[in-house]
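So the sequence lines, in the order shown, correspond to chains F and A.
Each residue of the first sequence is one higher than the last, beginning at 1 in full-length UniProt numbering.
Each residue of the second sequence is one higher than the last, beginning at 1 in full-length UniProt numbering.
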Amino acid sequence: MPPKAPKSEYIETDTGNKVSRRSIILGTPHIILGGRTAIQTEACLRGDLHRLSSPSTSTSTSAPGGTSVIAPSALIRPPSRLHRGTYTYVAQKIGDHVLVGERAVVEAASIGNHVVIGAGAVLGKFCIIKDGVKVLDGAVLPAGMVVPSGSVVGGRPARIVGEVGEGWGMLPGSEGADLRERIRAIA
Amino acid sequence: MALSFPYLYISCPCASETTLPPVWPYSNRLSRENAEDDDEEDEKTFDPRNPRANYSLYPLEHLLFCEDCRQIRCPRCALEEVLCWYCPSCLFESPSSAVKTEGNRCTRNCFQCPICTSPLSVNALEKPDPRDLSWILSCPYCAWSSLDIGIRFDRPSAIAGQLLRMRNGGQPTLTRKERDGERDRRKRGDTNDAEEEDDHSWKQHKEIEDVDDHFSNIRAFYTDQLAETSASSPFGGNNEFGYGSPGALSRIMGLYSRAGRLSSHRPKDKIRPMREAFGEDEGVKLFDAKGEDEIIERMKSVGWEGTAKLEQQSWQNRDARFLSDLRPVPTLLRTKRARRCRTCRHILTKPESKVASTRYRIRLVALNYVPTMTLKPLVPSPAPPSAAPAVTAAPTPLPPTAPSINLQALPSLIPTQFLLTLHNPLFDPVRVTLATPARTPGRFGSKVTILCPQFDIGANTDMWDEALTDVAAGSSGSEPGPGAKSRGSAAGNQSQPTPGAAAALDAAKRARAAADFDGPVQAEAGKIWDSGRNWTTIVLEVVPANLDEESPSSKPNKSAATNNPGKHDSNPDEPPGETGLEEDEDVLEIPVFVRINYEADISSEDEDGPAADDAVIVRNKRGEKKVKRELAYWCVLGVGRISKIA
Ligand SMILES: [Zn+2]
Ligand SMILES: [Zn+2]
Ligand SMILES: [Zn+2]
Ligand SMILES: [Zn+2]
């Protein structure tokens, strides 16, 4: 690899998304980026996974919402299950101002707004993360776990270990807050 | 877990009050009167290493603010009120009446794994014959399933009810009616042919022995006793207050009974002590050596792996020594809570009581009243003169070659400068006074100097002002510092601060103009570094302590610590050094005392009601009536970890 990239690492789209040239995004037609979302180095988004029997239907969309950050080496893939003999992928939804930490693996069905997912956390298949949740570093959420809004979860397997403060997400620059500044700083 | 620097914790002022207003207004008046005599507490420097500090330091977003007391409120000085109970797994609300009768656990399909606490999922057990479907609870984390304890369900819904009617292994439990009938039958049987049935009935009892049976037996016995004693008796009772007295019993049983209180209306003068329970049918469980042997035998056969951990046993609500005794644990409900000020009882936060809603009806969080502080290392301006033009060009990013400061390893004894930025959330300009001890408390004192301890911050006016100012100044950088210089001065001109603030801004501008001539910008004592619409940045200089040398001022503390058996100093011969460092003693934490003064618009409360203690009504130069307000508190800046001199 050259010591310094001649071009900027990030491609900026019309809607303000910043996508690293070194990220891995598969099945782009199935992925909707909400705008002003940053996908960093070696992060991987899998939009290519869908039901094999009917590949025409776009049932499998991985959709990070607006103003979110997918940190380096994170993996986002739609949840899947064997249902009546067919292996099915289900659409995944990620809200606004979501920070997916480095090396995190996300197979959740949905993630709300103002959610922070710690580095190395694993969100099992069909997890549902409500608004204003903090997932501690290295937490492992078993498949299907529901995390109510305002909770802090951690541990392996993850349990609710606390609550975020009432001011969660209101203080600019703090955890769970508006990520616009942070995305602006990414270059 | 590794600390992430920098951080800011605010010490709730209630920490200096040794007693708080009582939870219930009518209790505990005495302690309140005693609490008036510790004013000297305020004079002391706040020590973040004091064990008590742990109970008063909070991140800003966890703190609330009472508008009536004009004071910060933390979990200690606020009261909680439960608004609703809900299950965190199915997000269904439980009415409080149900919580009282059914307990604080989900009564639907939500269970946790008895092995690992992961939420269990309900899965169909597929069989060749689709008509003979059954369902099980299974753990997606550790692969435990209810088949391990021999339980499967007929329906995928109302699992809690089905589980209640099944014991481990799949046999049905007795319903209450069946239990009562069984007991009556045995009672009659015992009187008829007690001798021949003795051994047989004992075994039968053993099999159905269960906590619920036990409770129903003892309950039935005492109900009978109450009925008997309430009938007229020849002896007058004076034993009303003993444990064995009918009154006490009916009260105690009412506590645990789901079916409500037992009737206890009977003439008071005709009480006699009741007889105690005797025998299995009356709920007495005798010690049984055979049972103990059985347990030991079972341990032998299942081995260590077959026994439950203490933690796992504690999640169960009955004795469960073996893995095969464990039951799925119903999910504990959680609550949505409102908070009130403990002093004046006004509501501070009140979320909407619907479970799905994340909105608040009332939310008085401290970060709307208290300036936020952010700390950044001041990257030394590049010294060579060739770099000077780069500084004047506004949006230039910092050169990548500039030495960055690693907060996890601050060099000892090397003066390091930090930029401390305060954002004002109030709609009035404020004057901030910062104070900090010259040496941080503790064995290794670091020297701290705030170059500009008193300064003004502009009001938090309309967001658009800043945006427009940005455009006017032609600067897009949001980084406060030398790069944003032109923007800072422009903002100072437009935001119309108080005369004091304007003077400070002018001074800063002049300082910077001078600095421009000299080349790189230097921090100057008594001058702010930069400012904008509602923020001001000052410089903080720190000389991190030498971790090989204890500061002399900490000696008295050390001797105090020697008395404390838990401290490191229990071994006085040990030289301070690698081994002599206590946990996180190398973390540089600076206690800062913050005082905020400002003049606010008069509210209707201040005009007619008696004003709060600190409210002084003044007239400003334009003749408007203003109320003077002050807020003061300690906070702790976690700067970084000091590295040892190599
Ligand atoms: Zn408090
Ligand atoms: Zn539930
Ligand atoms: Zn498990
Ligand atoms: Zn109050």
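Quick reminder that beta carbons are idealized off the backbone N, C-alpha and C, glycines included.
Collapsing the DSSP output to three states places Glu-67(A) in coil. When 7 Å is used as the limit between beta carbons, Leu-64(A) is near these residues of chain F: Glu-166, in chain order. Residue range 454-457 is occupied by the beta strand (DSSP E) that includes Ile-457(A), with no alpha helix (DSSP H) assigned at that position.
Leaving aside the five residues that flank Asn-368(A) on each side, the residues in its chain whose CB is nearer than 6 Å to its CB run, in chain order, Pro-425.
Phe-92(A) has its CB nearer than 7 Å to a heavy atom of ligand 2.
Contact between Leu-64(A) and Arg-345(A) does not hold, since the beta-carbon distance rounds to 14 Å and is not under 8 Å.
Relative to the non-hydrogen atoms of ligand 4, the Cβ of Cys-69(A) comes within a distance shorter than 7 Å of at least one.
Listed in chain order, the beta strand (DSSP E) runs fully inside the stretch 112-147 of chain A are 121-125 and 134-138, counting runs of at least 3 residues.
Contact of Ser-353(A) with chain F is not assigned, every C-beta pair being separated by 8 Å or more.
Val-365(A) has a beta carbon lying within less than 8 Å of a beta carbon in chain F.
Taking a beta-carbon distance threshold of 8 Å, Leu-83(A) does not count as an interface residue toward chain F.
One finds Pro-142, Gly-144, Met-145 and Val-146 in chain F with Cβ atoms closer than 8 Å to the Cβ of Pro-119(A), taken in chain order. In this structure Ile-76(F) does not touch Gln-40(F) by the C-beta definition: roughly 12 Å separates them, more than the 8 Å allowed. Contact of Arg-46(F) with chain A by beta-carbon distance below 7 Å is absent, the smallest such distance being about 21 Å. The alpha carbon of Ser-68(F) has as its nearest neighbour, out of Glu-42(F), Ala-38(F) and Glu-102(F), the alpha carbon of Ala-38(F). For the 8 Å CB-CB criterion, Val-355(A) and Ile-596(A) do not form a contact.
Under the three-state reduction of DSSP, Gln-312(A) is assigned to helix. Fewer than three pairs of CB atoms, one per stretch, sit closer than 8 Å, so the stretch 50-63 of chain A makes no contact with the stretch 116-128 of chain F. Look at the beta carbons and you see the stretch 156-173 of chain F touching the stretch 137-145 of chain F: at least three pairs across the two are nearer than 8 Å.
With fewer than 16 other Cβ atoms inside 10 Å of its own Cβ, His-83(F) counts as exposed.
With contacts defined as CB atoms closer than 8 Å, Leu-99(F) and Leu-179(F) qualify as a contacting pair. In summary, no residue of the stretch 66-80 of chain A has a CB separated from any CB of chain F by less than 7 Å.
Spanning the alpha carbons of Ser-357(A) and Val-379(A) requires a straight line of approximately 44 Å.
Shown here, Arg-185(A) sits in a helix according to DSSP, grouped into three states. Counting only residues of its own chain and dropping the five nearest sequence neighbours on each side, Ala-74(F) has a CB closer than 6 Å to the CB of Ala-43, Val-100 and Ala-104. An exposed status is given to Lys-628(A), since fewer than 16 other beta-carbon atoms sit within 10 Å of its beta-carbon. Residue pairing by DSSP places Cys-341(A) opposite Ala-78(A) in a beta bridge.
DSSP places Phe-418(A) within a strand segment (E or B) once states are collapsed to three.
Looking at Glu-276(A), Leu-451(A) and Leu-422(A), the one whose alpha-carbon comes closest to that of Thr-436(A) is Leu-451(A).
As DSSP reads the structure, His-83(F) sits in a beta bridge with Thr-86(F).
If you look at Arg-184(F), you'll find it in the alpha helix (DSSP H) that goes 180-185. Residues lining ligand 1 by the Cβ criterion, that is a Cβ closer than 6 Å to any of its heavy atoms, are Cys-12(A), Cys-14(A), Arg-73(A), Cys-74(A), Arg-76(A) and Cys-77(A) in chain order. Residue burial annotation: Thr-440(A) is buried, with at least 16 other C-beta atoms found within 10 angstroms of its C-beta. Of Pro-377(A), Leu-332(A), Lys-447(A) and Val-543(A), the smallest CA-CA separation from Ile-414(A) is found for Val-543(A).
At a beta-carbon threshold of 8 Å, the residues of chain A lying near Ile-160(F) are Pro-88 and Arg-334, ordered along the chain. For Gly-101(F), none of the residues of chain A pass the 8 Å Cβ criterion, the least Cβ distance being about 12 Å.
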